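Written below as structure tokens is the structure these notes are about.
Residue numbers (our numbering): 38 to 629.
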């Protein structure tokens, strides 16, 4: 069926219909565009959601992701990112393959439609002009015929009248002939114009209009096919990402199936196991006996002076002090005056280390962590020490690799002097070797502590104490005198003093030992913004641009404590330096 033959007289309706078709196409474009915006918004919200629940770096949340359930959740968050990416792909493909293409096609369609209807209107105008010409010639022919008829009647009237002169009759006859000739000319002109109009009209209704309407029909059918193809593309864009989305969902299911409740339970044990044994039964103490009551091994009183103390972590160890049970007050303990206890503390060499334990406890309250992790239960302390040893070994290996690389470079310079001066690497090689030696000493110190915790050594050796900076190297006779420290479940130390292990020293020696402190660790670095001349006692001079170590932050007094090397440290105005704190070392500033 052709619009040219069936709808030859529906020019205006076809014009409205084709405009409606373009409106439908533009409506579909708007629909797809809004769908792409929804996809982008959905993808953005999914990404923000996944980011919101990602573990924060260097936080407690990051440690929680050791558990398989948390790992599965983290995998789910990562897959949600990929899932969101597929929705972004949907939006991009719909925009490029549908929205942009259809918008371009609509502009072309409007131009084509405008051209066809312009040709149709032009044909209409031409046939209307022909019709007007025909009407004009017809009216002129009609008028001339009437004038010729009146002239003929007038001539016949004059010819019949005997009173009229012959000249008047002849004049009337000539006038009738002129009118008759004009009528004949109008007739011929009308006939010619009529034939021409009929030809133009036939061409209009059987050639021009059918051709134009046929093109409009083809244009409209192409529009319909195009919108159908776009709908197929719309579905295909979604179908293309279904396998990838399915893969994301499969990965989420796989992550969920990887959850191991037994493994998570074991991790809880490893995280919180203290290494202590539960306390034993408390024996019955009979108060009905007149004799002095005995103190059981498992009673929670102090057994000072009843034998040589031993380093144990079990619940049955003698004299173990628990934080939630008060010490039994036996008659023997009541007889010992407080002044005797204080004198014993002041004159006992092993007590020096124990007093440092008190210092360490004060540091913990202020937020610092002891270098040997003595604030932790044995099992947790062992894990921390092992982790520290592993880190130091990695650093040592890194420095050794650097030393090997510098050595090789030096050999190359020796063989090829034009490439560089071998002597220029000596300083760097010496610096790396010194770093290796420092790291090895540090590693040996932590290994000694680790050996002590694991029970490979009965107590700390003199060498380990010297490395930790907690013991005075000038008093070798006191080796292992403080090895009788015992850890309680809360991580603090308790003391058992034996009469055989006591060594009497002067109070001045105690003061010297107490004042000898381990150097404060660096908690960051700083860069000097201006030159400062440290002329007062306790200050240090710095040069603009110099980089130094920060060992203590500004506590509100406007001064920051810094170190240049092991022998040079002091205070500078905080406004003179730019401080870069190391988050991992935060808290070290509170060491006493």
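Note that beta-carbon positions come from the ideal geometry of N, C-alpha and C, so glycine has one too. Remember, predicted model here, so these are calculated numbers, not experimental data.
Provide the residue(s) that pair with residue i in DSSP beta bridges, ordered along the chain.
{"i": "residue 579", "result": "569"}
{"i": "residue 57", "result": "None, per the DSSP bridge assignment."}
{"i": "residue 598", "result": "589 and 608"}
{"i": "residue 615", "result": "564"}
{"i": "residue 467", "result": "According to DSSP, residue 467 bridges with nothing at all."}
{"i": "residue 584", "result": "564"}
Closest to residue i by C-alpha separation, out of the options, would be which residue?
{"i": "residue 476", "options": "454, 429 and 188", "result": "429"}
{"i": "residue 249", "options": "595, 619, 604 and 51", "result": "51"}
{"i": "residue 465", "options": "439, 450 and 474", "result": "439"}
{"i": "residue 311", "options": "490, 591 and 606", "result": "490"}
{"i": "residue 8", "options": "425, 134 and 203", "result": "Outside the displayed range of the chain (38 to 629) lies residue 8, so it cannot be described from this structure."}
{"i": "residue 579", "options": "446, 308 and 606", "result": "606"}
{"i": "residue 611", "options": "598, 603, 604 and 619", "result": "598"}
{"i": "residue 112", "options": "90, 95, 127 and 94", "result": "90"}
{"i": "residue 461", "options": "448, 85, 473 and 472", "result": "448"}
{"i": "residue 613", "options": "469, 619, 66 and 570", "result": "570"}
{"i": "residue 581", "options": "567, 572, 591 and 573", "result": "567"}
{"i": "residue 163", "options": "205, 325, 241 and 208", "result": "241"}
{"i": "residue 73", "options": "420, 198 and 271", "result": "271"}
{"i": "residue 60", "options": "144, 322, 309 and 101", "result": "144"}
{"i": "residue 127", "options": "140, 82, 77 and 235", "result": "77"}
{"i": "residue 267", "options": "64, 604, 227 and 442", "result": "64"}
{"i": "residue 562", "options": "620, 576 and 220", "result": "620"}
{"i": "residue 179", "options": "433, 226 and 83", "result": "226"}
{"i": "residue 169", "options": "557, 234 and 100", "result": "234"}
{"i": "residue 158", "options": "412, 609, 277 and 48", "result": "48"}
{"i": "residue 97", "options": "70, 585, 308 and 203", "result": "308"}
{"i": "residue 136", "options": "231, 574, 207 and 69", "result": "69"}
{"i": "residue 257", "options": "110, 485 and 53", "result": "53"}
{"i": "residue 557", "options": "120, 406 and 572", "result": "406"}
{"i": "residue 313", "options": "296, 418 and 215", "result": "418"}
{"i": "residue 410", "options": "485, 441, 224 and 431", "result": "485"}
Suppose you measure from the CA of residue i to the CA of residue j; what does that come to, to the nearest Å?
{"i": "residue 118", "j": "residue 293", "result": "17 Å"}
{"i": "residue 500", "j": "residue 589", "result": "Residue placement at residue 500 cannot be trusted, given a pLDDT of 41 that sits under 50; the coordinates are not used to answer."}
{"i": "residue 265", "j": "residue 299", "result": "56 Å"}
{"i": "residue 453", "j": "residue 478", "result": "37 Å"}
{"i": "residue 131", "j": "residue 259", "result": "21 Å"}
{"i": "residue 593", "j": "residue 92", "result": "34 Å"}
{"i": "residue 184", "j": "residue 210", "result": "14 Å"}
{"i": "residue 245", "j": "residue 238", "result": "10 Å"}
{"i": "residue 62", "j": "residue 85", "result": "35 Å"}
{"i": "residue 615", "j": "residue 302", "result": "46 Å"}
{"i": "residue 55", "j": "residue 166", "result": "27 Å"}
{"i": "residue 243", "j": "residue 43", "result": "11 Å"}
{"i": "residue 67", "j": "residue 283", "result": "29 Å"}
{"i": "residue 427", "j": "residue 421", "result": "10 Å"}
{"i": "residue 104", "j": "residue 116", "result": "18 Å"}
{"i": "residue 455", "j": "residue 470", "result": "26 Å"}
{"i": "residue 201", "j": "residue 195", "result": "6 Å"}
{"i": "residue 315", "j": "residue 123", "result": "56 Å"}
{"i": "residue 46", "j": "residue 262", "result": "26 Å"}
{"i": "residue 618", "j": "residue 291", "result": "42 Å"}
{"i": "residue 138", "j": "residue 146", "result": "12 Å"}
{"i": "residue 274", "j": "residue 285", "result": "17 Å"}
{"i": "residue 108", "j": "residue 591", "result": "40 Å"}
{"i": "residue 414", "j": "residue 287", "result": "43 Å"}
{"i": "residue 141", "j": "residue 280", "result": "31 Å"}
{"i": "residue 434", "j": "residue 576", "result": "37 Å"}
{"i": "residue 444", "j": "residue 481", "result": "26 Å"}
{"i": "residue 206", "j": "residue 198", "result": "9 Å"}
{"i": "residue 230", "j": "residue 212", "result": "27 Å"}
{"i": "residue 189", "j": "residue 176", "result": "20 Å"}
{"i": "residue 547", "j": "residue 321", "result": "Because the pLDDT at residue 547 is just 40, under 50, the model does not fix this residue reliably, and the value given afterwards should be weighed accordingly. Going from the Cα of residue 547 to the Cα of residue 321 covers about 42 Å."}
{"i": "residue 120", "j": "residue 110", "result": "15 Å"}
I believe residue i touches residue j by the beta-carbon criterion, under 8 Å. Please report the beta-carbon distance rounded to the nearest angstrom.
{"i": "residue 40", "j": "residue 253", "result": "7 Å"}
{"i": "residue 80", "j": "residue 129", "result": "Between residue 129 and residue 80 the Cβ distance is about 10 Å, and since that is not below 8 Å, they are no contact."}
{"i": "residue 559", "j": "residue 587", "result": "6 Å"}
{"i": "residue 463", "j": "residue 450", "result": "Actually they do not touch by this definition, with Cβ atoms about 11 Å apart."}
{"i": "residue 472", "j": "residue 416", "result": "At roughly 32 Å, the Cβ-Cβ gap does not stay under 8 Å, so residue 472 and residue 416 are not in contact."}
{"i": "residue 181", "j": "residue 219", "result": "5 Å"}
Kindly examine the ligand GDP and report whether one of its heavy atoms sits closer than 7 Å to the Cβ of residue i.
{"i": "residue 53", "result": "Because no ligand of any kind appears in the structure shown, any question about the ligand GDP cannot be addressed here."}
*alpha helix (DSSP H) runs wholly inside the segment 190 to 226, at least 4 long, in chain order*: none
*What beta strand (DSSP E) runs, 3 residues minimum, are completely inside the segment 85 to 147?*
List check, beta strand (DSSP E) in window: nothing returned.
_Give the list of continuous alpha helix (DSSP H) stretches no shorter than 4 residues that lie fully inside the segment 227 to 293._
Counting only unbroken stretches of 4 or more residues, no alpha helix (DSSP H) element lies wholly within the segment 227 to 293.
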